[in-house]
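*Asks:*
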Amino acid sequence: MTGSARLLPVAALLALAGCARQVTTAVAPEAPGFLLGVWHGFIFPVAWVLSLFLDNVAIYAVPNNGGWYDFGYFVGVMFLGVGAHGGKRVVYRDRVIEKRVID
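This is the structure in structure tokens:
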């Protein structure tokens, strides 16, 4: 498969995403903004588990004030919440084996 053939599905998905729009009733200027978006992103794992069992718990506030809430939610999930610890690896050394080289 050539390079341009691989880019065709990506270009099609980007064009399709460009057609997406948010419902006007889901955006309200006085609704939750950036700071509540950060908080909701940070507590996402707990809210998700609770939303499976409780009807009055959701993982995302609707209505919200639009892009700033979305950005805060992203910051909360990626930098403060579950995404913050995904790249760290901890290695514990229980024992050290020394290798002897015999000449």
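Heads up: the sequence shown runs through residues -22 to -1, 1 to 81, numbered per mature numbering (1 follows the signal peptide of the UniProt record, and there is no 0). We put the CB at the ideal spot given by N, CA and C, even for glycine.
Could you compute how far the alpha carbon of Leu14 sits from the alpha carbon of Leu(-16)?
*Replies:* Taking the first residue of the sequence shown as 1, we reach residue 14 at position 36. Taking the first residue of the sequence shown as 1, we reach residue -16 at position 7. Approximately 37 Å, taken between the alpha carbons.
*Asks:* So for Val27, helix, strand or coil by DSSP?
*Replies:* In the sequence shown, counting from the first residue as 1, residue 27 sits at position 49. Helix at Val27.
*Asks:* Can you give me the C-alpha to C-alpha distance between Phe20 and Arg78, rounded to a whole angstrom?
*Replies:* Taking the sequence shown and counting its residues from 1, the one referred to as residue 20 is at position 42. Taking the sequence shown and counting its residues from 1, the one referred to as residue 78 is at position 100. Computed Cα separation, rounded: 50 Å.
*Asks:* I need the straight-line Cα distance from Phe52 to Glu76, nearest angstrom please.
*Replies:* Working through the sequence shown from its first residue, we reach residue 52 at position 74. Working through the sequence shown from its first residue, we reach residue 76 at position 98. Those two C-alpha atoms are separated by around 47 Å.
*Asks:* Does the stretch 29 to 41 come within contact of the stretch -10 to -1, defined as at least 3 CB pairs closer than 8 Å?
*Replies:* no
*Asks:* Out of Phe12, Val5 and Val69, which has the shortest C-alpha to C-alpha gap to Val40?
*Replies:* As a working note, residue 40 is residue 62 in the sequence shown. Val40 has its Cα closest to that of Val5, out of Phe12, Val5 and Val69.
*Asks:* What does the Cβ neighbour count give for Pro10, buried or exposed, with the cut at 16 atoms within 10 Å?
*Replies:* The count along the sequence shown starts at 1 and reaches residue 10 at position 32. Buried, since its Cβ has 16 or more Cβ neighbours within 10 Å.
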